[in-house]
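Enquirer:
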Amino acid sequence: MAAPPTPAAALVTLAEIRRAAATLAPVAVRTPLLPCDALSELAGTEVWLKPEMLQRGGAFKFRGAYTYLAALPPEARARGVIAPSSGNHAQAVALAARLFGVPATVVMPTTVTAAKRGGAERLGARIELAGTTTADRMARAREIAATEGCTLVPPYEPR
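Counting from 22, one number per residue, gives the positions in the sequence shown under this note's numbering.
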């Protein structure tokens, strides 16, 4: 059974995309768009790849994190940000916070790899460990946000 369609009001608009592009222009890497002949042949149509591992922070997540922080009122941003993540979002939020000069906390699973934890720490994030599930991380992030007054940067919502 197919999922119900997303309401039009929840979709990202072209105007929002253009604003995000303008916000990101001075800080994001303009990653290439590469044709993939092998996949194109298999699919029977043109397939292009966007190697976002070349982006700052090593993933596309930087785009969303930076755009989210840029949209925060300056006083909210100054109180710091918090993000639940097992890796890429943590590093993206840590990098964006560093660029804005604000504190970042990331809530990672107790099973996080040293590489993922180290990546966020090197970018200046304070690390909190919480459980092993997404729900564990989100619950702890919400607790910290409520206690410390920082802004929760969600890993999935576009706004």
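Positions of the beta carbon are idealized from the N, C-alpha and C atoms, including for glycine.
Pairs of beta-carbons, one from the segment 62-77 and one from the segment 134-145, closer than 8 Å: are there three or more?
Expert: Contact between the segment 62-77 and the segment 134-145 is absent, because fewer than three Cβ pairs lie under 8 Å.
Enquirer: Considering only DSSP beta bridges, list what Val102 is partnered with.
Expert: Start at 1 with the first residue of the sequence shown, and residue 102 comes out as number 81. In the DSSP output, where bridge partners are listed per residue, Val102 has Ala125 and Thr172.
Enquirer: Helix, strand or coil: how does DSSP classify Pro56 here?
Expert: Stepping through the sequence shown from its first residue, residue 56 is reached at position 35. Three-state DSSP puts Pro56 in a strand.
Enquirer: Can you tell me whether DSSP reads Glu164 as helix, strand or coil?
Expert: Translated into positions along the sequence shown, residue 164 becomes position 143. If DSSP states are grouped into helix, strand and coil, Glu164 belongs with the helices.
Enquirer: Assuming the contact rule is C-beta atoms closer than 8 Å, Thr153 and Val102 should be a hit. Round their C-beta distance to whole Å, please.
Expert: Counting from 1 along the sequence shown, the entry for residue 153 is found at position 132. Counting from 1 along the sequence shown, the entry for residue 102 is found at position 81. The Cβ separation is near 23 Å, so there is no contact.
Enquirer: Alpha carbon to alpha carbon, what distance is there between Ala64 and Thr168?
Expert: Taking the first residue of the sequence shown as 1, we reach residue 168 at position 147. Taking the first residue of the sequence shown as 1, we reach residue 64 at position 43. Each residue's alpha carbon lies about 51 Å from the other.
Enquirer: Classify Gly140: buried if its beta carbon has 16 or more other beta carbons within 10 angstroms, exposed otherwise.
Expert: For the purposes of this step, residue 140 is taken as the residue at position 119 of the sequence shown. Per the 10 Å Cβ criterion, buried.
Enquirer: Relative to the C-alpha of Ser106, which candidate in Ala151, Thr66, Leu144 and Glu62 has its C-alpha closest?
Expert: Translated into positions along the sequence shown, residue 106 becomes position 85. The option with the nearest alpha carbon to Ser106 is Ala151.
Enquirer: Taking the Cβ atom as the reference point for each residue, do Val123 and Arg98 lie within a distance shorter than 8 Å?
Expert: For the purposes of this step, residue 123 is identified with residue 102 of the sequence shown, where counting begins at 1. For the purposes of this step, residue 98 is identified with residue 77 of the sequence shown, where counting begins at 1. For Val123 and Arg98, yes; Cβs fall inside 8 Å.
Enquirer: Give the secondary structure of Leu75 by DSSP, where H, G and I count as helix, E and B as strand, and everything else as coil.
Expert: Start at 1 with the first residue of the sequence shown, and residue 75 comes out as number 54. Helix.
Enquirer: Which term fits Gly170, buried or exposed, when burial requires 16 or more other beta carbons within 10 angstroms of its beta carbon?
Expert: To locate residue 170, count along the sequence shown from 1; it is residue 149. Exposed is the call here.
Enquirer: Whole-angstrom Cβ separation of Arg84 and Ala49, contact assumed at under 8 Å?
Expert: Along the sequence shown, one-based indexing puts residue 84 at 63. Along the sequence shown, one-based indexing puts residue 49 at 28. Yes, they are in contact, since the Cβ atoms of Arg84 and Ala49 sit about 6 Å apart, within 8 Å.
Enquirer: Per DSSP, what are the beta-bridge partners of Glu149 in this structure?
Expert: For this step, residue 149 is matched to residue 128 along the sequence shown. DSSP lists Val128 as partners of Glu149.
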